[in-house]
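For reference, the structure is listed below as structure tokens.
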Amino acid sequence: MRPKMIELEGIEKTYTSGSIQTPVLKGISFRIEAGEFIAIMGASGTGKSTLMNILGCLDKPTAGHYRLDGTDMVRLEDDALSRLRNCKIGFVFQQFHLLDRASALRNVMLPLIYTDPYPEDADARAEKTLTAVGLSDRMTYKPSQLSGGQQQRVAIARALVTDPVVILADEPTGNLDIRSGLEVLAIFQRLHRDGRTIIVVTHDRAVAEHANRIIVLKDGMVAEDQPLAHPRDADAEARVLAGKETSK
Amino acid sequence: MRLLRIAKEGARALAASKLRTFFMMAGTIVGIAALTVIMAVGKGTEKKVMKRVNAFGTRAIMVTAGGGKGFSPPQEGITTLRLEDAEAVRTQIGGVDVVGSFAVKRGMSIKAGVNQVQITVMAVAPEWHDAWEWYAADGEPITAEDNITMARVCLLGTLSASDLFGSQNPIGEDIQIGNARFRVKGILELRGTSPTGEEFDRRIVIPLTTGMRRVFNQDYITNIRVKVRDSRQIESIAEEIRQFLHERHHITPPKEDDFAIFSAADIAKIARGISGTLTYLLGALAGLSLLVGGIVLMNILLISVGERIKEIGLRRALGATRRDVFMQFLTESLTVTISGMVLGSVLGWVVSIILARVTQFPVVISWEPFALALGFAMIVGVFFGVQPARRAARLKPVEALR
């Protein structure tokens, strides 16, 4: 059997502050196959961010195992985790997290700085991914010269440039208006159709319903794990929204 | 190369906030500029000192008749310095190599054919040549025999020779000193200017006995020139001679000395003049600027780390290791200090050149201050950059991204 892209086994995370122990994740297990588009849902305080950090190899669990593309990250040293994040994970953040002083193109190339060996075609790769998110005419723009939706698309291009095994998006539409949010979700759906593995973490069911499977967290545990037979179509929603606006 | 790519990231961050970068640099610029000026002035002064000391003689001590604080030519009419003193110094002071006594008379009227000039005449013991390391370039030196026979022979300085004889070879010719005829037996080596600004080469040298009995008509000498064996002992031997002559001349305070002693060490002190003070002041300025500049640099970098927590977190998320982050901030610090050093060196050179033009201060521009400045810049950059860089590297990506 082909190994799963992501395997979580009894993940626990407990924060210790002095003598007070706060368990946040209380034994989370699930598997994600390559090519899935997953939404992880939960209200704030359910351990959603903590799980996101562990999935992104930014933090280690207190107990349990997490295998990403065959590697158990729990045993890895900090440097190896950095390498793992660099090669295998593409991050998309709610706050975009772009470098203000750098052009869109340089922002997209940022992860490649930390890739060894440095790809000779770094520029071409960055241009290609920017074109893929529809920003071929904005490459030299600074983030401040771009709309929120465009900034998030730059961030998606940055996530794609290393050709990671999974895209990890934390509330990617949280700072966007409805229309820009739909644009971003449409890009994710297109990437999914192209075979990418995508995990979106959100508190918003309307966003989650664009995925093909929804995992709901509650009180540090998996409360629900359901495939979605008919996810919403972000492109279609955008067209309806555009239609409404023109009829006004 | 990964390190180069990371260094470039640091440089870009600096270029993005130019004013802040300038403030980070300011201390280094001033410090290195001061350092460059110190070195330029220092080297210039040493060159001047060496020139003076070499002209005086590196192993030389001069006892001059007459008191006086400054280093000056002998006072005429002081009769207390005697040949016996010179002989006693030679036999009783340790570490003395050669003692050459002489008597000087200024502005003597000299005639050669139709030419007549006023020239300083020195009547010298035969050891005088060794004591001064000043020999005949042409012809013969003053010998012991000349002194025994009170020979009427002389050596001319090169300028005296040209004053009296033009381009004609004076050796074997006669000159008249006062009323006495002298045969020119040689030409002295070229010597240049004395530490007191006299032309060494416009002189005439005759035997000491001849001078004392036949020309000056005196039983005292004006100078004892002592050459010591080891230049490192020069100050202690000079002091020993001073005490020795105090005893011989029965001088006890408050009675003033009837002689003055100057050694090569004193000449060096005089030649250094205020440049020593200037060096201390500028040295303090350089040290202080580099220290304060370094602290400012460190604090701005620390603030910068604080402001760029999100950026650091992002870089860590995208694959930067702790070392990558550390190196980025360290290269930022080093870029600041090394750029500051380059600007400071240029500023220092400009100031040195202006100083040389305006104050006649001796200044030597060389590569050494540049190398030293580079060393200092790197030390300051690393020393004050490590702390912020460590703080940046220690940030946990999860907390930094929050």
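If you're matching them up, the sequences are chains L and S in order. Just so we're aligned, residue -5 is where the first sequence starts under our numbering, counting upward by one. Just so we're aligned, residue 8 is where the second sequence starts under our numbering, counting upward by one. Just so it is clear, CB atoms sit at the ideal spot from N, CA and C, and this is done for glycine as well.
**OP:** Go to Lys212(L), then tell me how far its beta strand (DSSP E) extends in each direction, as first and last residue.
**Re:** Taking the first residue of the first sequence as 1, we reach residue 212(L) at position 218. It spans Arg207 to Lys212 - the beta strand (DSSP E) in which Lys212(L) sits, taken as one unbroken run.
**OP:** Check Ile172(L) in the structure and name its three-state DSSP category.
**Re:** For this step, residue 172(L) is matched to residue 178 along the first sequence. Three-state result, Ile172(L): helix.
**OP:** State yes or no: is the beta carbon of Ser76(L) nearer than 8 Å to at least one beta carbon in chain S?
**Re:** Indexing the first sequence from 1 puts residue 76(L) at position 82. Taking CB atoms only, Ser76(L) has a neighbour in chain S less than 8 Å away.
Original post:
Sorted by chain position, which residues of the same chain lie with C-beta nearer than 7 Å to Ser346(S)'s C-beta, five sequence neighbours on each side aside?
Top reply: Taking the first residue of the second sequence as 1, we reach residue 346(S) at position 339. Cβ within range, chain order: Met32.
Subject >> Cβ-based contacts, 8 Å cut-off: residues of the region 103 to 133 of chain L near chain S >> reply: Cβ contacts with chain S: Leu104, Pro105, Ile107, Tyr108, Thr109, Asp110 and Tyr112.
Original post:
Is the region 161 to 172 of chain S in contact with the region 186 to 205 of chain S, if contact means three or more CB pairs nearer than 8 Å?
Top reply: yes
Subject >> Cβ neighbour criterion (16 or more within 10 Å) applied to Trp374(S) >> reply: Numbered from its first residue, the second sequence carries residue 374(S) at position 367. In this structure Trp374(S) is exposed. Its beta-carbon is surrounded by fewer than 16 other beta-carbon atoms within 10 angstroms.
Original post:
Ordered along the chain, which non-local residues of its own chain (more than five positions away) have a Cβ less than 7 Å from that of Pro225(L)?
Top reply: Within the first sequence, residue 225(L) is the residue found at index 231, counting from 1. Excluding sequence neighbours, Pro225(L) sits near Glu203, His204, Ala205 and Asn206.
Subject >> Residues within the region 21 to 50 of chain L neighbouring chain S, beta-carbon criterion of under 8 Å >> reply: The residues in question are Asn47 and Gly50.
Original post:
Are Thr191(L) and Met(-1)(L) close, meaning C-beta to C-beta below 8 Å?
Top reply: In the first sequence, the residue the question calls residue 191(L) occupies position 197. In the first sequence, the residue the question calls residue -1(L) occupies position 5. Cβ atoms of Thr191(L) and Met(-1)(L): closer than 8 Å.
Original post:
What residue does the alpha helix (DSSP H) around Phe333(S) start on, and which one ends it?
Top reply: Position 326 of the second sequence, counted from the start, is the residue given in the question as residue 333(S). That run of the alpha helix (DSSP H) goes Arg329 to Thr366.
Original post:
Is DSSP giving Arg159(S) helix, strand or coil here?
Top reply: As a first step, residue 159(S) is located in the second sequence; it is residue number 152 there, counting from the start. Of the three classes helix, strand and coil, the one that applies to Arg159(S) here is coil, per DSSP.
**OP:** Run down chain S in chain order and give the residues with a C-beta less than 8 Å from the C-beta of Leu140(L).
**Re:** As a working mapping, residue 140(L) is identified with position 146 in the first sequence. Simply none; closest approach about 17 Å.
**OP:** Return the CA-CA distance between Leu21(S) and Thr8(L), expressed in angstroms with no decimal places.
**Re:** As a working mapping, residue 21(S) is identified with position 14 in the second sequence. As a working mapping, residue 8(L) is identified with position 14 in the first sequence. Each residue's alpha carbon lies about 40 Å from the other.
Original post:
What runs of the beta strand (DSSP E), each 3 residues or longer, lie entirely inside the region 78 to 132 of chain L?
Top reply: For the region 78 to 132 of chain L, whole beta strand (DSSP E) runs of length 3 or above, ordered along the chain, are 83 to 86.
**OP:** For Met(-5)(L), decide whether its Cβ has a neighbour in chain S, counting only Cβ atoms nearer than 8 Å.
**Re:** Locating residue -5(L) in the first sequence gives position 1, where the first residue counts as 1. With a pLDDT of only 42 at Met(-5)(L), under the threshold of 50, the placement of this residue in the model should not be trusted, and no figure is reported.
Original post:
Is the region 354 to 372 of chain S touching the region 311 to 327 of chain S in the sense that three or more CB pairs, one from each, lie closer than 8 Å?
Top reply: no
Subject >> Endpoints, beta strand (DSSP E) assigned at Phe266(S) >> reply: Here the question's residue 266(S) lines up with position 259 in the second sequence. That run of the beta strand (DSSP E) goes Phe266 to Ser270.
Subject >> Rounded straight-line distance, which links the Cα of Leu402(S) to that of Phe90(L) >> reply: Translated into positions along the first sequence, residue 90(L) becomes position 96. Translated into positions along the second sequence, residue 402(S) becomes position 395. Going from the Cα of Phe90(L) to the Cα of Leu402(S) covers about 20 Å.
Original post:
Do Ala232(L) and Leu176(L) have their C-beta atoms closer together than 8 Å?
Top reply: Taking the first sequence and counting its residues from 1, the one referred to as residue 232(L) is at position 238. Taking the first sequence and counting its residues from 1, the one referred to as residue 176(L) is at position 182. Contact: yes.
Subject >> First and last residue of the uninterrupted beta strand (DSSP E) at Ser23(L) >> reply: As a position in the first sequence, residue 23(L) is number 29, starting the count at 1. Here the beta strand (DSSP E) through Ser23(L) covers Ile14 to Ile26.
Original post:
Val102(L): buried (16+ other C-beta within 10 angstroms of its C-beta) or exposed?
Top reply: On the first sequence, position 108 is the one that residue 102(L) refers to. Under this definition Val102(L) is a buried residue.
Subject >> Contact with chain S by Asn252(L), beta-carbon distance below 8 Å >> reply: What is shown of chain L runs -5 to 242, which leaves residue 252(L) out entirely.
Subject >> Bridge partner(s) assigned by DSSP for Glu3(L) >> reply: Taking the first sequence and counting its residues from 1, one reaches residue 3(L) at position 9. According to DSSP, Glu3(L) bridges with His59(L).
Subject >> Close-in-space but distant-in-sequence residues of the same chain around Arg398(S) (CB under 7 Å, 5 per side omitted) >> reply: Here residue 398(S) is taken as the residue at index 391 of the second sequence, counted from 1. Cβ within range, chain order: Leu309 and Val312.
Original post:
Is Asp72(L) close to chain S, meaning its C-beta is less than 8 Å from at least one C-beta of that chain?
Top reply: Taking the first residue of the first sequence as position 1, residue 72(L) is located at position 78. Closer than 8 Å to some Cβ of chain S, the Cβ of Asp72(L) qualifies, so yes.
Original post:
Given 8 Å as the limit, is there contact between the region 114 to 128 of chain S and the region 173 to 187 of chain S, that is, 3 or more CB pairs closer than that?
Top reply: Touching, yes.
Original post:
Can you list, in chain order, the residues of the region 145 to 159 of chain L whose Cβ is nearer than 7 Å to any Cβ on chain S?
Top reply: none
**OP:** Starting from Ile258(S), follow the beta strand (DSSP E) in both directions and report where the run begins and ends.
**Re:** The count along the second sequence starts at 1 and reaches residue 258(S) at position 251. Segment: none, Ile258(S) is in no beta strand (DSSP E) and carries neither H nor E.
**OP:** Under 9 Å between beta-carbons, which chain S residues line up against Arg69(L)? List them in chain order, please.
**Re:** Residue 69(L) sits at position 75 when you count from the first residue of the first sequence. Per Cβ cutoff of 9 Å: no residues; Arg69(L) is ~17 Å from chain S at best.
**OP:** Return the chain-ordered list of same chain residues with a C-beta closer than 8 Å to the C-beta of Val234(L), the five sequence neighbours on each side being excluded.
**Re:** Start at 1 with the first residue of the first sequence, and residue 234(L) comes out as number 240. Here the set comprises nothing.
**OP:** Evaluate Arg187(L) with the Cβ neighbour count: other Cβ atoms within 10 Å of its Cβ, from every protein chain shown; 16 or more gives buried, anything less gives exposed.
**Re:** Taking the first residue of the first sequence as position 1, residue 187(L) is located at position 193. It counts as exposed.
**OP:** Quick one: measure Cβ to Cβ for Leu341(S) and Gly388(S), integer angstroms, because I've assumed they're closer than 8 Å.
**Re:** Position 334 of the second sequence, counted from the first residue, corresponds to residue 341(S). Position 381 of the second sequence, counted from the first residue, corresponds to residue 388(S). Correct: roughly 4 Å between the Cβ atoms.
**OP:** To the nearest angstrom, report how far apart Ser296(S) and Ala143(S) are at their CA atoms.
**Re:** Counted from its first residue, the second sequence places residue 296(S) at position 289. Counted from its first residue, the second sequence places residue 143(S) at position 136. Taking the straight line joining both Cα atoms gives about 55 Å.
**OP:** Can you check the region 265 to 326 of chain S for any beta strand (DSSP E) of at least 3 residues that lies completely inside it and give the ranges in chain order?
**Re:** Correct list: 266 to 270.
Subject >> Chain-order list of residues whose beta-carbon lies under 8 Å from that of Gly49(S) (same chain, five-residue window excluded) >> reply: Within the second sequence, the letter at position 42 stands for residue 49(S). Once the five neighbours on either side are set aside, the close Cβ partners of Gly49(S) are Ser282 and Thr286.
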